[in-house]
Amino acid sequence: MDMKIETEELSVCPVCGSMKKEFLFKNTDRLHGISGEFGLTQCRNCKAVYLSPRPSIKSLPLYYPDDYPPHQLNPLRPSGFLQRIKEHLRNTIIYNRYHYKNFQHKPRIEPHILGTFLTYMFFFFAERARYHLPKALFPPYIKDGKALDIGCGAGHFLIILKDLGLKVYGVEPSEKAANIGREKLGVDIKTGTLLDHKFPDNYFHFITMNHVLEHLHNPVEVLSEANRILHPNGMLRIQTPNIDAYGYKRFWKNWFPIDTPRHLIIYSKQSIAGLADKTGLKLKAFSTTHTRSVLYRSLEYEIRDKNNNYKDFGTTGQYTFSQKLFINALDLYERMLILSGKDAGEELQAVLAKK
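Spelled out as structure tokens, the structure:
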């Protein structure tokens, strides 16, 4: 692909502003094979890893081709008898366990005693009812609550928030993805960045940034704006790759979430807490989670690197039995690290609030 890429060098950390840094390695676009070589540097102060040189704001969209997965329309939910049972159970759990008063008149499991039993006796039902969100990241019921999803893609998470009774808004740089959300899903998505749209002060009870923070050139500016529009009792939910992940230590430059050059900054708990403090926010909850598919894709990159083989392995289909066994062992070890209190998961999840 013949195109002109503008790059920029960073003299200081884009998160904390420190000049203390350590060069790690150079990397290329492993996902789409678009040209360019970029350096990764780790800040010695906040431990964030960032690209330098990196594509300029003008050039970065060139690394998001039309088939970029988050910009596509996902399959709609299935219908049928089994799906109706699942919806009844979800409504029952959200009403009983999470006290969503607006679910009072939705179809639920009857009789009441059976619904109560299913709500509290099987924790995995509760996790599924929360759409697999960790409990700390699940929004509490707020009457007439408003939610904003920054970098919402085609708006699939907005549909979940809408189902919970929130008035939803999305912001998405991709015109294609925003159009899909507006036309196919019927959600309010504004094209552009958060800074392009001046929402009212203290407006949103729930703001989400689901795998968005790592794509931003200017995280301090964006989180400062998010703080301005966040309700005093609201929550800002962030999910992003975790540079302290065991997978990064094991696979290093072949770790899938490096995703050069779309991921401009990879964060740690320390850098997230520092970024929150710098933008007038505070860290209320933090956790990490294991993701087996990330380990599979990282192994794929490692095999490609060793064999110069650019075959697409998919998620599990092209792996040998021993390779699958190896990944499952890594995943189990990572789970044990997380259970022991280590921030070793592939993805970090943070909840921020106003100070």
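Okay, so the sequence shown: first residue is 1 according to the numbering used here, each after it adds one.
C-beta: ideal position from N, C-alpha, C; glycine also.
Task: Candidates Ser268, Asn307, Ala154, of which the one nearest Cys46 by Cα - done: Ser268
Task: Contacting residues, own chain, Cβ-Cβ under 6 Å from Thr208 (five flanking each side not counted) - done: Asp149, Arg237
Open item on the list: I need the boundaries of the alpha helix (DSSP H) containing Glu302, first residue and last residue.
Closed with: 292–307
Task: Contact check, Ala177 vs Gly192, beta carbons under 9 Å - done: no
TODO: Flag this pair as yes or no: are the beta carbons of Pro139 and His205 separated by less than 9 Å?
DONE: yes
TODO: Say whether the region 284–298 touches the region 344–354, bearing in mind that this needs 3 or more beta-carbon pairs closer than 8 Å, one atom from each stretch.
DONE: yes
Open item on the list: Using 9 Å as the threshold, is the C-beta distance between Lys184 and Leu332 below it?
Closed with: no
Open item on the list: Three or more C-beta pairs under 8 Å: does that hold for the region 15–34 against the region 235–251?
Closed with: no
Task: Pairwise C-alpha distance: Gly280 and Tyr301 - done: 39 Å
Open item on the list: Using only the alpha-carbon positions, how far apart do Pro107 and Lys167 sit?
Closed with: 21 Å
TODO: Please determine, among Gln318, Leu82, Gly170, the residue with the shortest C-alpha to C-alpha distance to His197.
DONE: Gly170
Task: 7 Å Cβ shell around Pro261 - same chain, five flanking residues per side excluded - done: Asp29, Gly36, Phe38, Leu51, Arg54, Pro55, Tyr63
Open item on the list: Between Phe256 and Arg297, how many whole angstroms is the CB-CB distance? I'm expecting something under 8 Å.
Closed with: 4 Å
Open item on the list: Quick check: Arg98 and Gln104, are their CB atoms within less than 9 Å of each other?
Closed with: Note on identity: in this sequence residue 98 is Tyr, with Arg being the wrong assignment. The answer is no: Cβ separation not under 9 Å.
Open item on the list: Please report the distance separating the alpha-carbon of Leu40 from that of Leu264.
Closed with: 9 Å
- [ ] Out of Leu89, Gly145, Cys16, Leu164, state which residue places its alpha-carbon closest to the alpha-carbon of Leu230.
- [x] Gly145
Open item on the list: Can you find the residues in the same chain that come closer than 7 Å, C-beta to C-beta, to Arg335, ignoring five residues on each side of it along the sequence?
Closed with: His290
Task: Beta-carbon spacing of Ile266, Ala48 below 9 Å - done: yes
Open item on the list: So, with DSSP's three-state summary, where would you put Lys106?
Closed with: coil
Open item on the list: Any beta carbon of chain C sitting closer than 9 Å to that of Asn307?
Closed with: The structure shown contains no chain C; it holds only a single protein chain.
Open item on the list: Once DSSP output is grouped into helix, strand and coil, what is the label at Ala129?
Closed with: helix
Open item on the list: Given a cut-off of 9 Å on the beta-carbon distance, is the pair Glu214 and Pro241 in contact?
Closed with: yes
Task: Sequence-distant residues of its chain with Cβ nearer than 6 Å to Gly165 (five each side left out) - done: Asn102
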